[in-house]
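Have a look at the structure below before the remarks.
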Amino acid sequence: MALYASDMPAQGGIGTPGQVRAWIAQGAVRLGGAELRRRAEFHHGFFLLELDGLVTAAVLARHEQCFPDVSRLEAADEAAALSVRVDGMSEAGRARNAAAQVKGCPCGGTGTIAVDDFDPDLSYAVYCPVHAPAASLHFRAGH
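So in the numbering used here, the last one in the sequence shown is 170, and the numbering has no gaps at all.
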C-alpha cells in the first residue's frame with residue numbers, strides 16, 4: 028500500500044530494488060502507520076474474499092473507492108512482491124501482512140457466510156477467509 032501511495036510510476040517497469048525501497052519509504056511516510064495498516068488489511072481481506080468468490084457489491088465499491096487506479100494497484104502489488112523476493116521479510120512483517128480486516132464483510136464478523144439457494148435444501152455456509160482464516164484454509168485443503 029505504501030507503493031500505491033508513493034510517486035512510483037504505474038507504467039514503464041518496476042524499477043531497481045533501491046528505487047522500490049525509496050518508494051516504499053515515501054509512501055509509508057505519506058500515509059502514516061495507522062492508515063498504511065488500515066489499507067493493507069483491507070486490501071488483503073478483499074484479496075481473500077476475492078479468491079473464494081465472496082466479494083459483495085458493497086465491498087467491491089469500497090475497494091474501488093480506496094484504490095481507483097487498477098493499473099497502479101497491480102504495479103504496486105508486483106513491485107511489493109519483487110521487494111519481498113529480493114529483500115525478504117521479517118517474521119513481524121509476515122504477521123502484519125497476514126492481517127486482514129474488511130468493514131462490511133459478508134460474514135458480519137461471525138466467521139461464516141451463508142450461501143442461499145432457491146431450494147433451501149441446497150443452501151449452505153462457508154467459512155469466511157477473513158474472520159475464520161484457519162478454518163477456511165482447512166476446508167479449502169479438503170480436510
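From the three backbone atoms N, C-alpha and C, an ideal C-beta is built for every residue, glycine too.
Using only the alpha-carbon positions, how far apart do residue i and residue j sit?
| i | j | result |
| --- | --- | --- |
| residue 59 | residue 100 | 19 Å |
| residue 50 | residue 62 | 16 Å |
| residue 28 | residue 140 | 27 Å |
| residue 97 | residue 55 | 20 Å |
| residue 67 | residue 154 | 22 Å |
| residue 134 | residue 77 | 14 Å |
| residue 147 | residue 69 | 32 Å |
| residue 108 | residue 121 | 13 Å |
| residue 47 | residue 114 | 11 Å |
| residue 160 | residue 103 | 25 Å |
| residue 72 | residue 94 | 14 Å |
| residue 84 | residue 152 | 19 Å |
Can you list, in chain order, the residues of its chain whose CB lies under 6 Å from that of residue i, leaving out five sequence neighbours each side?
| i | result |
| --- | --- |
| residue 143 | 150 |
| residue 132 | 157 |
Near residue i, which residues of its chain fall below 8 Å by C-beta distance, leaving aside the five closest residues on each side in sequence?
| i | result |
| --- | --- |
| residue 64 | 123 and 126 |
What would DSSP say about residue i, mapped onto helix, strand or coil?
| i | result |
| --- | --- |
| residue 152 | strand |
| residue 129 | coil |
| residue 140 | strand |
| residue 157 | coil |
| residue 147 | helix |
| residue 54 | helix |
For a cutoff of 8 Å on Cβ pairs, would you count residue i as touching chain B?
| i | result |
| --- | --- |
| residue 53 | Absent from the structure is chain B; it holds one protein chain and no more. |
Enumerate in chain order the residues of its own chain whose CB-to-CB distance from residue i is below 7 Å, with the five nearest sequence positions on each side excluded.
| i | result |
| --- | --- |
| residue 136 | 158 |
Just checking my contact of residue i with residue j at CB under 8 Å: how many whole Å lie between their CB atoms?
| i | j | result |
| --- | --- | --- |
| residue 34 | residue 53 | 6 Å |
| residue 106 | residue 42 | 7 Å |
Unbroken stretches of the alpha helix (DSSP H), 4 residues or longer, contained in the region 57 to 116:
Within the region 57 to 116, the complete alpha helix (DSSP H) runs of at least 4 residues are 60 to 78, 84 to 93 and 97 to 114.
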